[in-house]
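Under the UniProt record's numbering, read the sequence shown as residues 1 to 308, first letter to last.
These notes concern the structure reproduced below.
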Amino acid sequence: MSVPCFWLSAARSFPRPTAGLLCCRLRGPSSETRRNMSSKRQMDHLERTASNSRQNAVYPAEVCGIINESETVKRLRIAVHPDFSFKAGQWVDFFIPGVEKVGGFSMCSSPGLLQREGIVELAVKYAKHPPAHWIHTACTVGSRVAVRTGGDFFFDPSPSDPSVDLLLVAGGVGINPLYSILLHTTDLLHLNQASGGRDYNIGSAHLCYSAKNTQELLFKSSIIEACREFPDKFSCDFNVTQQSTDVDPHLHPFLKRGRITEEELRAHVDPQRTLCFLCGPPPMIEAISKTLMDFGLTKDRILYEKWW
């Protein structure tokens, strides 16, 4: 599949990322490069992320699977070019033939899946914004698109990096990059087991995930499965704020009613070991960031991605 000229010109329209932005495995982006969406005007994806790191190339891709993840979210399986790569937590610029607007969607799969199968996955909530609307109304298996990796929000430790405890906090579809990080962490644990302890060893990972109801809790079965496979490493709390129906019994041990509380967060914060990744609506991220700093967590250990 050849890449249309307008995709190539789009790739050339951004400055090459600086080396400093590419080397943030365990460091947060500076305040200038963090995504800020507090403006009342909804900015275009390319405009919002103009200062973020990006791959230089735009790669052809093809939709090879579509799954209804919930009533409002579709998950795409996308076969990508062999040279495409990403780090857990990053997003893609998503180019659609015939659609002028460029989408911006976080990967919800692990780099390991890409290595094993040449596939990346995106979970996209219905919206009137043209790229999301196309995914929900016109995208089919076989649809051809193009993608380019971007973002400074990721977890990519080297085997020699010090062990950390992860605190992952998600609101709504903000789960996508954090689920990618969680899956990457499970891959790292499997690698460490297979190598006899020579690969990176995570301390622990706890997920606080808030949604309106259990139907909107994406990937919940896989998250629970990871917690049960590695009970000494992974744990999670599902917070539902507007649940009006009965809850599936298998969710009960993980379920809490209402918003994420300070007590829940405090139980998983060690200022010396905790690295926190947050993704969700800006007001939620701002409130939780302040709470974590009140607990003694420094700004460079609180990494976030704000979505509108």
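Glycine included, each C-beta is placed from N, C-alpha and C at the ideal position.
Exposure of residue i, with buried meaning 16 or more beta-carbon neighbours within 10 Å
i: V141; result: exposed
i: A61; result: buried
i: D83; result: exposed
i: D300; result: exposed
i: K233; result: buried
i: I67; result: exposed
i: A194; result: exposed
i: Q272; result: exposed
i: N176; result: buried
i: A205; result: buried
i: K306; result: buried
i: D93; result: buried
i: T245; result: exposed
i: G296; result: exposed
i: D294; result: exposed
Same chain, Cβ closer than 6 Å to residue i, neighbours up to 5 away in sequence not counted
i: S289; result: I302
i: Y304; result: L278, I285
i: G65; result: R77
i: L207; result: L168, C236
i: S143; result: V63
Inter-residue Cα distance where the pair is residue i and residue j
i: residue 322; j: S163; result: With the chain covering only 1 through 308, there is no way to say anything about residue 322.
i: G174; j: G197; result: 32 Å
i: H252; j: E216; result: 16 Å
i: K250; j: E225; result: Sequence check: residue 250 is His here, not Lys. Spanning the two alpha carbons is a distance of roughly 11 Å.
i: D199; j: P159; result: 5 Å
i: T72; j: V124; result: 8 Å
i: E262; j: S221; result: 26 Å
i: Y126; j: V63; result: 17 Å
i: S30; j: C276; result: Because S30 carries a pLDDT of 37, less than 50, the predicted location of this residue cannot be relied on, and the following value inherits that uncertainty. Using only the alpha carbons, I get a separation of about 15 Å.
i: V269; j: F105; result: 29 Å
i: M37; j: E47; result: A caution first: M37 carries a pLDDT of 37, below 50, which makes its placement in the model unreliable, though a value can still be read off. Approximately 11 Å, taken between the alpha carbons.
i: H136; j: E69; result: 12 Å
i: T291; j: A138; result: 42 Å
i: F153; j: R266; result: 23 Å
i: H45; j: K128; result: 14 Å
i: P97; j: G203; result: 44 Å
i: L178; j: L188; result: 15 Å
i: A57; j: G103; result: 16 Å
i: F95; j: G150; result: 13 Å
i: L218; j: Q243; result: 15 Å
i: M43; j: I181; result: 26 Å
i: W91; j: L166; result: 20 Å
heavy atom of the ligand SAH below 6 Å from residue i C-beta
i: L46; result: Questions concerning the ligand SAH fall outside what the structure shown contains, since it holds no ligand whatsoever.
Beta-bridge partners of residue i, as assigned by DSSP
i: R301; result: Paired residue(s): none; R301 is not in a bridge.
i: S106; result: W91
i: P60; result: A146
i: I67; result: R75
i: E121; result: R77
i: Y209; result: A170, F238
i: G280; result: K306
i: D270; result: Bridge partners of D270: none, in fact.
i: L255; result: F238
Same chain, Cβ closer than 7 Å to residue i, neighbours up to 5 away in sequence not counted
i: T241; result: S210, K212, G258, R259
i: N201; result: S163, N192
i: F254; result: I224, C236, D237, F238
i: P111; result: F86, K87, A88, H184
i: C227; result: F234, S235, C236
i: V247; result: T214, L255
Same chain, Cβ closer than 8 Å to residue i, five either side skipped, listed in chain order
i: V99; result: P130, P131, W134
i: Y59; result: V3, V80, H81, D83, F84, A146, V147, R148
i: K121; result: This sequence places Glu at residue 121; Lys is not what is there. Around E121: R75, L76, R77, I78, M107, C108, S109, L113.
i: T298; result: P271
i: residue 321; result: The structure shown does not extend to residue 321, since the chain is modelled only from 1 through 308, so no value can be given for it.
i: F230; result: T186, L189
CB contact below 7 Å: residue i versus chain C
i: R144; result: In the structure shown, chain C cannot be found, because there is only a single protein chain.
Cβ pair count under 8 Å reaching 3, the segment 50-57 against the segment 110-123: These segments do not touch.
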